[in-house]
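**Student:** One structure follows; several queries about it will come next.
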Amino acid sequence: MSVVGPETETALPDDWGSPQWWALLEEVGTPWVEKLSATDAKVSFFWRDPEGGPERSSTRTVLIDVNAVTDHHSVEPAVMRRYQATDVWVWQTVLPLDWRGSYVFAPHRSDLTVPDYQGSRHEKRLQHRRWWLDKITRTGRADPLNHWPSHLSSWGVQHSALHMPKALPQPDWQAFDCAQAVTPAESQWQQQRWHSQRLGNERSIWIYDTGGNEERPLVLLLDGQHWANHFPVYSALSSATAVGKIPAALYVLIDSIDLEQRQNDLGCSEAFWLAIQEELLPKIQADYSFTSRPERTVVCGQSLGGLSALYANLRWPERFGAALAQSPSLWWPDRDWVAPDFGEPRRRQAGATGWLTEQTRLQPSTGRIFMEVGTGEASMVDLLDSHTQALVDCGYEVHSRHYAGGHDWLCWRGGIIDGLIQLIGEEAP
């Protein structure tokens, strides 16, 4: 599938809103990407008002959220503007040619004014987040002119994908993007329930078996419900395995249950990882074989899950010898590192270090680590850079990178494959 929107040296035709203008956008897809230089392009997002121009339409505001580009923390959320008296709503920005990210439109029938929040800085921040999520989830929708398949966000709203022309390749997701992914046979892909006595709860797990022998790698994917349902990962893993990028392996996707349980489990919880070692792995081993070698056992997580993957390696390197951490929440437990004062933009904070980085320096362990973070993630870039340096200083084998994008499942899906290649691929130890 080609990149959404043409990479062109020229601007759009100037007859905005005419039937032939809309026909052009329907044919080539949106957003429209107009190359400005060797590194950047002007990107135009368009939404067609189904009720027509302003004299007939009840739409007064169209929110737009572009991951890591617009700032939903702001008291002035990004909104599209209506072009003259037409049915065209537009929002434009300049992006690097290697950028990738998700976006969503949310039309409303009233002008949106941010409320006058009361309380502490923290309380105002939470109130604004609730207000913003309400506006996005109530009317949020994918871009109907975008030719890529839409995908569900963490809060259940369909988003569209923008892959700029020079974005990091994600070839193993082609079957998914072309709606050609085939659900694996029941012998390969199974959903089970895990009742944990230690944790006092029950959750789903998904097991994906790509073959191999009793010494095949074991890969644990946190936030497993996302990789089972929102971005089903099996076709990408199958593709990468088929062409020899990664060996046959056993993948275990672990459900987070809900937000509260996720925060409890993935926030550097000793109980969670003891439960996995004492209960979950023996349960799986009763039916499947996999290696006990720590260097061939990978924990993969995103955001708070990325933090948990690094924590598991730090505490139990004899069992979890490899971690694949994507945009890890290295601010934990001090959210002030990444949550600005109410109404203030997120900023970089060179040299920032969190609790896990300090623990790594105090109690160095061993392991092989793949980490990545989006260039649009503000201080999380600095936190990851500090952690990378700590790992290097302590003798870890580390592969760390920045990608052009944000805190986004659309970016992380490609990083899973790239990280597994580094950790268990042909060139891995």
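Going by the working numbering, the sequence shown opens with residue 19, and the numbers climb by one from there. Even for Gly, the Cβ is constructed at its ideal location relative to N, Cα and C. As the structure is a prediction and not an experimental result, all values here were calculated from the model.
1. If you draw a straight line from the alpha carbon of PRO31 to that of GLN102, how long is it in whole angstroms?
2. Less than 8 Å separating the beta-carbons of HIS90 and HIS169?
3. Select from GLN344, ALA340, LEU342 and GLU376 the residue whose C-alpha is nearest the C-alpha of GLU351.
4. Please tell me whether LEU428 and PHE388 are closer than 8 Å, where the distance is taken between their beta carbons.
5. Where are the alpha helix (DSSP H) runs, 4 residues long or more, that stay fully inside the region 44-126, in chain order?
6. Under 8 Å Cβ to Cβ from ALA29, same chain only, skipping five residues before and after it: list those, please.
7. Of all Cβ atoms in chain C, is any one closer than 8 Å to the Cβ of GLY394?
8. Just verifying my parser: in three-state terms, what is the DSSP assignment at LEU180?
9. In the DSSP assignment, what residue or residues form a beta bridge with MET389?
10. To the nearest angstrom, how far is it from the Cα of SER383 to the Cα of HIS405?
11. For TYR226, which of VAL237, GLU233 and ARG216 has the nearest alpha-carbon?
12. Taking 8 Å as the threshold (C-beta atoms), are LEU322 and GLN295 in contact?
13. Just the C-alpha distance for GLY242 and ALA304, rounded to the nearest angstrom, thanks.
14. Quick test of your reading: TYR414 and GLY385, contact by CB under 8 Å. State the CB separation rounded to the nearest angstrom.
15. So LEU327 packs on GLY339, CB below 8 Å; how close in whole Å?
16. Quick check: what's the CA-CA separation for SER205 versus GLY229?
17. Below 8 Å on the Cβ atoms is my contact criterion, and I expect THR371 with CYS412 to pass it. Report the Cβ-Cβ distance as a whole number of Å.
18. How many angstroms separate the CA atom of SER257 from the CA atom of LEU401?
19. Between the region 52-61 and the region 114-128, can you find at least three pairs of beta-carbon atoms closer than 8 Å?
20. Decide if PRO335 is buried, meaning its Cβ has at least 16 other Cβ atoms within 10 Å, or exposed.
21. Give me the Cα-Cα distance between PRO68 and VAL106, rounded to the nearest whole angstrom.
22. Can you say whether GLY394 is buried or exposed, counting buried as having 16 or more other CB atoms within 10 angstroms of its CB?
23. Are the beta-carbon atoms belonging to ARG159 and HIS126 less than 8 Å from one another?
**Tutor:** In terms of the structure at hand:
1. Locating residue 31 in the sequence shown gives position 13, counting from the first residue. Locating residue 102 in the sequence shown gives position 84, counting from the first residue. The straight-line gap from Cα to Cα measures roughly 16 Å.
2. Your numbering for residue 90 matches position 72 in the sequence shown. Your numbering for residue 169 matches position 151 in the sequence shown. No. Outside cutoff.
3. Taking the first residue of the sequence shown as 1, we reach residue 351 at position 333. Residue identity differs from the one stated: residue 351 is Pro in this sequence, not Glu. That would be GLU376, whose Cα lies nearest to the Cα of PRO351.
4. For the purposes of this step, residue 428 is identified with residue 410 of the sequence shown, where counting begins at 1. For the purposes of this step, residue 388 is identified with residue 370 of the sequence shown, where counting begins at 1. In this structure, PHE388 does not lie closer than 8 Å to LEU428 by Cβ.
5. Taking only runs of at least 4 residues, no alpha helix (DSSP H) segment lies wholly in the region 44-126.
6. Position 11 of the sequence shown, counting from 1, holds the residue named residue 29. Excluding residues within five positions, the ones whose Cβ falls inside 8 Å are GLU52.
7. This model lacks chain C altogether, as it is built from one protein chain only.
8. Against the sequence shown, residue 180 aligns to sequence position 162. The answer is strand: DSSP assigns LEU180 an E or B state.
9. Sequence index remark: in the sequence shown, residue 389 carries index 371 (1-based). In the DSSP output, where bridge partners are listed per residue, MET389 has ALA343 and SER418.
10. Taking the first residue of the sequence shown as position 1, residue 383 is located at position 365. Taking the first residue of the sequence shown as position 1, residue 405 is located at position 387. If you take the alpha carbons of SER383 and HIS405, they lie about 13 Å apart.
11. Indexing the sequence shown from 1 puts residue 226 at position 208. Selected option, being the one with the closest Cα: VAL237.
12. Against the sequence shown, residue 295 aligns to sequence position 277. Against the sequence shown, residue 322 aligns to sequence position 304. Not in contact: GLN295 and LEU322 (Cβ atoms no closer than 8 Å).
13. Position 224 of the sequence shown holds residue 242. Position 286 of the sequence shown holds residue 304. Going by the C-alpha atoms only, they are around 21 Å apart.
14. Working through the sequence shown from its first residue, we reach residue 414 at position 396. Working through the sequence shown from its first residue, we reach residue 385 at position 367. About 6 Å; that satisfies the 8 Å criterion.
15. Counting from 1 along the sequence shown, the entry for residue 327 is found at position 309. Counting from 1 along the sequence shown, the entry for residue 339 is found at position 321. The sequence given here has Ala at residue 327, not Leu. ALA327 to GLY339, Cβ: 12 Å. No contact.
16. Start at 1 with the first residue of the sequence shown, and residue 205 comes out as number 187. Start at 1 with the first residue of the sequence shown, and residue 229 comes out as number 211. When rounded, the distance between both Cα atoms is 10 Å.
17. The count along the sequence shown starts at 1 and reaches residue 371 at position 353. The count along the sequence shown starts at 1 and reaches residue 412 at position 394. Their Cβ separation, rounded to whole angstroms, is 14 Å, which puts THR371 and CYS412 out of contact at 8 Å.
18. Taking the first residue of the sequence shown as 1, we reach residue 257 at position 239. Taking the first residue of the sequence shown as 1, we reach residue 401 at position 383. Their Cα atoms are separated by approximately 33 Å.
19. The way I'd put it, the region 114-128 does touch the region 52-61; three or more beta-carbon pairs between them come closer than 8 Å.
20. Sequence index remark: in the sequence shown, residue 335 carries index 317 (1-based). Classification for PRO335: buried.
21. In the sequence shown, the residue the question calls residue 68 occupies position 50. In the sequence shown, the residue the question calls residue 106 occupies position 88. Straight-line Cα distance between these residues: approximately 10 Å.
22. Sequence index remark: in the sequence shown, residue 394 carries index 376 (1-based). The residue is buried, with at least 16 neighbouring Cβ atoms inside 10 Å.
23. Indexing the sequence shown from 1 puts residue 159 at position 141. Indexing the sequence shown from 1 puts residue 126 at position 108. Not a contact, by the Cβ cut-off of 8 Å.
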